[in-house]
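Scroll down for the structure; my scribbles are underneath it.
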Amino acid sequence: MAMGKIFKFHNDLDTDQIIASQYLLLPNIDEMKVHTFESLDPEFPKKVQPGDYVVGGENFGCGSSREQAPSVLKALGVKAVVAKSFARIFYRNAINIGLPVIVCKDLPDAVESGDEMELFLSEGVAKTGGRTYSCTKLPEYMQQILSQGGLIASLNKEG
Amino acid sequence: MEQFTGKVWVLDDDIDTDIIIPTEYLAMKTIEEMRQYAFSPLRPELASKITSGDILVAGKNFGCGSSREQAPEVVKALGIRCVIAKSFARIFFRNAINNGLLLIEQPDLHDRIKEGDTITVTVNQAIEAGGKQYPITSLPGNLVEIIEAGGLVKAMRRRNGRI
Amino acid sequence: MGQTIIEKIIAHNLGVQSVKPGEIVTVNVDWVMLDDIMIPFIVDKFHEMGFTKVWDPDKAVLIYDHLVPASQQDDTRHYRTGDAFAKECGLTHVHRSDGICHQLMTEAGYVKPGDVVFGTDSHTTTYGCVGAFSTGIGYTEMAAILGTGTLWVKVPETIKVVIEGTLPEGVMSKDIILRLIGDLGADGATYRALEFSGSAIEQMSISSRMAMANMAIEAGAKCAAFTPDEKTAEYCEIELDEFQKGLKGDADARYMKILVYKAEDFVPVMACPSQVDKIRPVEELKGTRIDQVFIGSCTNGRLEDLQAAAKVLEGKKVAPFVKLIVNPASRKIYREALACGVLKTLIEAGAIVTHPGCGLCCGRTGGILCDGQRVVATNNRNFLGRMGTAKTEIYLASPMTAAACAVAGEIAVAVD
Amino acid sequence: MGMTIAEKIIARAAGVEQVRAGDIHTVTLDRMMSNDGTTHLTVDMYNNKLKHPHVADAGKMVFIVDHNVPSDSPKTAAAQKKMRDFAREHQIDFWEGKGVCHQIMMEHYVCPGELIFGADSHTCTYGALGAFGTGVGCTDLLYGMVTGTSWVLVPETVKFNLTGRLQKGVYPRDLMLTIIGKIGANGVNYQVMEFCGDGVKTLSVNDRMVLCNLSVEAGAKTAIFEADEIALEYLKSRGREPKAVFSSDPDAAYAKEYTFDLAEIRPVVAKPDFVDAVVPAEEVCGIRIDEAFLGSCNNGRIDELRVGAAIVKGKKIPGHVRFLVVPASQEVYLQAMEEGLIETFMESGAIVMNPNCSVCWGSCQGVIGEGEVLISTGTRNFKGRAGHPSSKVYLGSAATVAASAVRGEICMADCLATS
């Protein structure tokens, strides 16, 4: 994967901050994505470029089951989310829609927003600031879903 | 006598206040925020096309419906110089006068004009359109006073010694 | 020369013998009603005009109803502005979640027969039901009244409407006023007063009269007038004085028009999309599929209306995939409907009962629809986009008709 | 090696003898629930992204409109219409305006032993009846709808041994907030909270729902109680039969064990903006509030309405406070009506709303404005959850919320009674 810029967020970053309730019933993800992280950084949707990364702390994506949360990140071109840990439903949803979610204990504390980073998914490593960080590898089952491009892609393949 | 010329936008009969400014926008903080939604249920593009000095020509009962004063305010904020209609609904009429938005009743013009035409209004006298003159009547004295004061707010400021 | 009801009220207010239509006079205001949508604008204009005191803080009633409960984050700013103004000027009458303004103005004991009342909402004509002169104004004029206690008005001409006889079963006062609006046209009574009389009117409850006075504006009228009677006295909890008792149109009064109807001739009707004067008998519209029904508003959200709907819905179910929303007009009505089992009947039939307020009628929340959907509603306006988009169709009807439509899932006649 | 209740349910759904934490299994789902928060997206994907769209078993599907009821905009209405039309076309059970989805599911569907996916994080509520309910996204839901199956990573189970009995004036909500405060917002991430011990016998199905419902706020995949006689009685009263009644084996493996003595629990409040920022209620008393909310899938049932009504009875809510009372379902509403509770609330000046998610999800009637403070029986107090990003949400029990509504500031029911 190529270099991308890091956008870093705090521990226990909940899904209401990623995409607030009032936007969930908009007709589609494209209409929603302009409100991503609105309460924390209203400029985020304009600043983020395809290939950039979101970095979080512990329990990233806690809260609701709204799949709109990983979906708006993916729609904005976020390449992957790297965090110390993820909340369960967010994690599952991200895999299902084909957004890589990477657990890496050391990296989040070592980086700042604006840093450049490179992620090697199959090797399970991330490089930034001249250092290489090893990440927890996904179970094979989930890697398969990801490599197929998400759950729907796998469904269409089977069908 | 005051005279002005402007481009015409034409609307039909019974243009209600929900068309002029729908309820969902009424609680916005300012008229400036609201005005982009003027006429949106009927002609969503209209607000962005109107330019300062344009004239609105409508059929009968313009401004019927609610008492929302936001209605004449957004029309004025869009830069509409005056509204010419076959007739006006009562509350809209009062609200417009109180805000210094000029309204003119003229029974015939609407049927003989099309959008994009240019017309010339001579206040309290006549409208000239396509080479033809359309007579207009003047307002009652107490309303002229309010308009001359520059609207009700200014009239009251004067009363309260603020100007 | 005799006088109409409105002429008598205005003359009494001015302390003169008589007034003539067309005269411009300055009246002393008995009550003003300020609503939550307009309050920030009223307060701004009030201060801009240079006022520091309300002429009589006990005569102003501030009511939160359009924005209750708040559906957008900024709505609560209106409450805060209103509360601050009430505190600044010592307003004593503030209703924050008690129901719709026009219901509360008479129900809570403010407006009495013969009063002159202005409100920042067009349906202020409603108080004509108890024989008051009341009409809607903008927020700038409201600010001026708050400062001065007065307002200029042009004495309106009066159209007299006489309805004799007894209404057929299944016909409500809503059907009368809709038919009348159809006959007069949406601007047929512009600047005029509508004065109602006749034996059918005398038989009517105050609630039924309210529905008619409420919708007078939809024919363009400045105000509506009903003669105060024993029912009025009971409703207002007063003894009528001589002036109030005399509030009837004189036989030799000037009327610009007199319309006479036989009550027996009325049938259930609807105002079709998207004009209030596009009136057709329900019979002719039968079978039109609907998505939603709304029973409520300052027009038809009273106990009598809910009871009429409950009678139709008793033991039945709202049609599958159709939504019935019921919005009582006030906290008092809600509690009465609770006590007498009407809410139970409605909910058991599948209704969604919301907290008293303007709800769907004001088009901000409470059941907004989308393109291609059709709603039958008991409120007062079916303007384009009022309850959704320009492609949402609104049919206005009586509570009985609305309830029948909810059961059928299509336009239907209550007593068929 | 023995299994826990959760493992047994997954084994049954996977058609295998034995499962272990960490295994991934394909399971047959017993039921799926989807609400108006996401269903329009599911339907769009169904219509636009699938090569061979079909519904495996419509009888297992339930669609519930509860989040924005009645609708507040044409876009909301369009989203809900999509859902309604799909339900009609595919003959899926459809509920609109009848209550919060999890309450409807508990009243009408959930059975012990079932494995249920819901496109809502609080689907974990169903553990109160010994079912394995868990929240998923709309892609998972769609996959389940089309195939009738899904994949499950078998979670570890954490045992919560409850002893003793809650004191008067202390509620299951205080207990669960205390637990979350202790173990943290990701204290049981990916894990199952299994409640057991003598203490559970003092808890009704309603109480158990309160506990299970909030388990996701500690990161849990689900929470579960054994379907004992209390659960089976509830089920029987509603004319349903259990799918399977499981108990954990004595030698089942637990990742961790905690013990909580119910008698030691005191009224607590979660401070903004985190559910695990739990403090004794005394610490926040006196904070002025603008709104109080009694309702939600966590705390809008008859038990909580009774508690709230007893506190506000005969009192008036001060003018500056909006006290929203939102029964969790029409059934709850009718029961509350029967008991005179609705009248008590209306008399006090409360705003009684139709059953829906209300301010708990922050995009329905009752939202709060800039800088405002809400005390709530809802599920979450995240930043801006209830409205404006600068607003603040405190979570407390029904008693604390009702007492605060009466006082106009955060207040414990005890203090109100003695003042």
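Chains as they are written, first to last, in the working numbering: chain R, 1151 to 1309; chain B, 5 to 167; chain U, 221 to 636; chain F, 34 to 452. Glycine is no exception: its CB is placed at the ideal position from the N, C-alpha and C atoms. Predicted model only: the values in this text are computed from it and were never measured.
Local conformation of residue i per DSSP, three classes
i       : result
U/I631  : coil
R/G1309 : Only weak support exists for where R/G1309 lies, its pLDDT of 49 falling under 50; the coordinates are left without a value.
R/M1267 : strand
B/N128  : coil
U/Q237  : coil
F/A303  : strand
B/E152  : helix
U/R297  : helix
U/L387  : coil
F/D294  : strand
F/A435  : helix
U/S342  : helix
R/T1165 : helix
U/M424  : coil
Which residues DSSP lists as bridging residue i, in chain order
i       : result
U/P501  : U/V489
F/D126  : F/V95
R/S1284 : R/V1275
B/F92   : B/F66
F/G168  : F/G151
F/K115  : Note: F/K115 sits in no beta bridge, so no partner.
U/W372  : U/T246
U/A231  : In the DSSP output, where bridge partners are listed per residue, U/A231 has none listed.
F/V359  : F/G328
B/P139  : B/A130
Beta-carbon separation (whole angstroms), residue i vs residue j, contact threshold 8 Å
i      : j      : result
F/F484 : F/T255 : The structure shown does not extend to residue 484 of chain F, since chain F spans only 34 to 452, so no value can be given for it.
B/F102 : U/G358 : The sequence shown places Asn at residue 102 of chain B, not Phe. With 8 Å as the limit, B/N102 and U/G358 qualify as a contact, their Cβ atoms being about 6 Å apart.
U/P488 : U/G521 : The pair is not a contact, with the Cβ atoms about 19 Å apart (cut-off 8 Å).
F/G146 : F/V278 : 6 Å
F/V317 : F/Y427 : 6 Å
U/V239 : U/V375 : 5 Å
Distance CB(residue i)-CB(residue j) smaller than 8 Å
i       : j       : result
R/N1243 : R/G1207 : no
B/I23   : B/P45   : yes
R/D1202 : R/G1154 : yes
R/I1168 : R/A1219 : yes
F/N222  : R/S1235 : yes
F/A438  : F/F356  : yes
F/I443  : F/G319  : yes
U/V532  : U/A471  : no
B/I108  : B/C86   : yes
R/F1311 : R/S1297 : No answer is possible for residue 1311 of chain R: the residues shown for chain R start at 1151 and end at 1309.
U/H322  : U/T346  : yes
9 Å Cβ cut-off: residues of chain B touching residue i
i      : result
U/G587 : Per Cβ cutoff of 9 Å: no residues; U/G587 is ~14 Å from chain B at best.
7 Å Cβ cut-off: residues of chain F touching residue i
i      : result
U/H575 : I384, V385 and M386
U/R551 : M379
Residue i beta carbon near the ligand HEM (any heavy atom closer than 7 Å)
i      : result
U/T224 : Among the ligands in the structure shown, none appear at all, so the ligand HEM cannot be discussed.
Chain A contact residues for residue i, given Cβ-Cβ distances below 7 Å
i      : result
U/L533 : Absent from the structure is chain A; the protein chains it does hold are R, B, U and F.
Amino acids of chain R, ordered along the chain, whose beta-carbon sits closer than 8 Å to that of residue i
i      : result
F/M370 : In chain order: nothing, as chain R lies at least about 29 Å away.
Chain U residues whose Cβ lies nearer than 8 Å to that of residue i
i      : result
F/Q363 : I567
Contact set between residue i and chain B, taken where Cβ atoms lie within less than 7 Å
i      : result
U/H298 : A31
Neighbour list for residue i in chain U, Cβ cutoff strictly below 7 Å
i      : result
B/D18  : A406 and Q495
B/G154 : Per Cβ cutoff of 7 Å: no residues; B/G154 is ~12 Å from chain U at best.
Cross-chain neighbours of residue i in chain F, by beta carbon under 9 Å
i       : result
R/I1168 : Residues of chain F passing the Cβ test: none, with the nearest at roughly 11 Å.
U/D636  : Within 9 Å Cβ-Cβ: nothing; U/D636 doesn't reach chain F, min ~26 Å.
Proximal chain U residues relative to residue i, where beta-carbon distance stays under 9 Å
i      : result
F/V400 : P289, A290, S291, Q292, Q293, D295 and T296
Closer than 7 Å at the beta carbon, the chain R residues around residue i
i     : result
F/M78 : I1302
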